[in-house]
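Visitor: Provided herewith is a single structure, encoded as structure tokens, for subsequent inquiry.
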Amino acid sequence: MTLHAPIAPRPAFEEVPPPGDYALVRRTIEFISREYRSQPSLCEVAEGVGAPEAELEAALRRWAGLSPKAFLQAVTLDHARRLLAEGLPLLDAAIEVGLSGPSRLHDLFVKHEAMSPGAHKAKGEGLALRYGFADGPFGRTLAVWTERGLAGLAFSDEERGGDAHALADMLGRWPKAQAERDDAGAADHVARVFSPARWRGDQPLRIVLIGTDFEVRVWQRLLDIPLGCADTYSSVARDIGAPQASRAVGAAVGRNPLSFVVPCHRVVGKSGALTGYHWGLTRKRAMLGWEFGLRHPD
DNA sequence: TCGCGCAAAGCAC
DNA sequence: GTGCTTTGCGCGA
1 MTLHAPIAPR PAFEEVPPPG DYALVRRTIE FISREYRSQP SLCEVAEGVG
51 APEAELEAAL RRWAGLSPKA FLQAVTLDHA RRLLAEGLPL LDAAIEVGLS
101 GPSRLHDLFV KHEAMSPGAH KAKGEGLALR YGFADGPFGR TLAVWTERGL
151 AGLAFSDEER GGDAHALADM LGRWPKAQAE RDDAGAADHV ARVFSPARWR
201 GDQPLRIVLI GTDFEVRVWQ RLLDIPLGCA DTYSSVARDI GAPQASRAVG
251 AAVGRNPLSF VVPCHRVVGK SGALTGYHWG LTRKRAMLGW EFGLRHPD
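One point on numbering: in full-length UniProt numbering, the residue at position 184 of the first sequence is 184, and numbering is uninterrupted.
Here it is in structure tokens:
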């Protein structure tokens, strides 16, 4: 396993993967989740999602860098189980002592700071936020940031209330903060987060974790789960020193404001079941499949 | 009270 | 035996 080696971006990943393909990807994952028992062929999947076989194949290659067969594997139920069986790579000493630096195990190279409990209790009073919407590889994306870094990333789905719901869900966490709309800024943040070519240790992504002490401890632990890997709620609970608190960990993971950047999609049940995802299980599968494509270009 | 859990126990193939 | 559901326990907000 070469988990710590830099991931060589495929040509298609020099920039953000094409947002337009996500709609088809999403239908494909939904179809597979429904029909996986019957092991559908590519032809049947194409028919099920209403796209020509060639177009489906081209879209999967553009979006995930995977052949249809590899993509189907990466989003089936057993995928998470396989990831768990592989186990996490051991931390090497250089990383363990470098805790103050960017979180190097996470390929996004995130540099995080936590907001003080006092500031959190004030429900964002005095906090100046900017926010906006932009298209991304997992659909329409909401970004929220402060001058210190990215504070929120979420998704807007038409069938779940669209932009208004996504925004209320996010800004409701800091009801007393001021928020100013800036779609151009959001487009920059979204492009930065979802372009693997820009995940560089010398230019870490700055993020701000705003939450309770327990939540921030959970989120920081999630940053140590490497790209394309998976870990369990109970093991996260053990690692933050609260071995009985796996359910509380689940709740904290579910309150993660920074979807994808704080990789809550890499936490699954001990059995390998995906259990849940704030922005829909389909999207969790999509993220795991996309990451699989980054690690195993074919 | 609730929730993106867990493990044991019960049940059905 | 495997796989699924139910039950009781557990935690922090």
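Note that beta-carbon positions come from the ideal geometry of N, C-alpha and C, so glycine has one too. For clarity, every value in this text was computed on a predicted model and none was experimentally measured.
State the start and end residues of the unbroken alpha helix (DSSP H) segment that holds F292.
Guide: What you label residue 292 is simply residue 292 of the first sequence in a count that begins at 1. Per DSSP, F292 belongs to the alpha helix (DSSP H) from L281 to R295.
Visitor: Taking just the CA atoms, how far does V75 sit from G289?
Guide: On the first sequence, residue 289 is found 289 positions in, with the first residue counted as 1. On the first sequence, residue 75 is found 75 positions in, with the first residue counted as 1. Roughly 5 Å separates the two Cα atoms.
Visitor: Using a 10 Å radius around the Cβ and a threshold of 16 neighbouring Cβ atoms, would you call E86 buried or exposed?
Guide: As a first step, residue 86 must be located in the first sequence, where it is residue number 86. Under this definition E86 is an exposed residue.
Visitor: Alpha carbon to alpha carbon, how far is P40 from V267? Give it in angstroms, no decimals.
Guide: Indexing the first sequence from 1 puts residue 267 at position 267. Indexing the first sequence from 1 puts residue 40 at position 40. C-alpha separation (whole angstroms): 27 Å.
Visitor: Could you tell me how far apart the beta carbons of L42 and E53 are, in whole angstroms, since I believe they sit closer than 8 Å?
Guide: Translated into positions along the first sequence, residue 42 becomes position 42. Translated into positions along the first sequence, residue 53 becomes position 53. About 6 Å separates the two Cβ atoms, so the contact holds.
Visitor: Taking just the CA atoms, how far does E44 sit from H112?
Guide: On the first sequence, position 112 is the one that residue 112 refers to. On the first sequence, position 44 is the one that residue 44 refers to. When rounded, the distance between both Cα atoms is 45 Å.
Visitor: Taking 7 Å as the threshold (C-beta atoms), are L223 and C264 in contact?
Guide: As a position in the first sequence, residue 264 is number 264, starting the count at 1. As a position in the first sequence, residue 223 is number 223, starting the count at 1. Against a cut-off of 7 Å, the Cβ pair of L223 and C264 comes out as no contact.
Visitor: Using DSSP with H/G/I as helix, E/B as strand and the rest coil, what is K270?
Guide: Counted from its first residue, the first sequence places residue 270 at position 270. Coil, per DSSP.
Visitor: Taking the alpha carbon of K270 as the point to measure from, which residue in R238, Y131, R173 and E47 has its own alpha carbon closest?
Guide: Taking the first residue of the first sequence as position 1, residue 270 is located at position 270. Nearest option by C-alpha distance: R238.
Visitor: CB of T141 to nearest heavy atom of the ligand GTP: below 6 Å?
Guide: The ligand GTP is absent from the structure shown, which contains no ligands of any kind.
Visitor: So what does D135 bridge to, in DSSP terms?
Guide: Position 135 of the first sequence holds residue 135. Partner(s): R140.
Visitor: In or out: G254 buried (at least 16 other Cβ within 10 Å) or exposed?
Guide: For the purposes of this step, residue 254 is identified with residue 254 of the first sequence, where counting begins at 1. It is exposed - the Cβ of G254 has fewer than 16 other Cβ atoms within 10 Å.
Visitor: Where does E158 land, buried or exposed, given buried means 16+ other C-beta within 10 angstroms?
Guide: Here residue 158 corresponds to residue number 158 of the first sequence, with the count starting at 1. E158 should be labelled exposed.
Visitor: Within a Cβ cutoff of 6 Å, which residues of the same chain sit near A179, ignoring the five residues on either side of it in sequence?
Guide: For the purposes of this step, residue 179 is taken as the residue at position 179 of the first sequence. Cβ within range, chain order: L129, Y131 and L171.
Visitor: Would you mind sorting T28 into buried or exposed? The rule is 16 or more other CB atoms within 10 Å of its CB.
Guide: Indexing the first sequence from 1 puts residue 28 at position 28. Its Cβ being crowded by 16 or more others within 10 Å, T28 is buried.
Visitor: Would you call the stretch 198–211 and the stretch 148–165 in contact, with 3 or more CB pairs under 8 Å?
Guide: They touch, by the three-pair rule.
Visitor: Skipping 5 residues on each side, what residues in its chain have a beta carbon closer than 7 Å to that of residue 299?
Guide: In the structure displayed, the chain extends from 1 to 298; residue 299 sits before or after that span and is not available.
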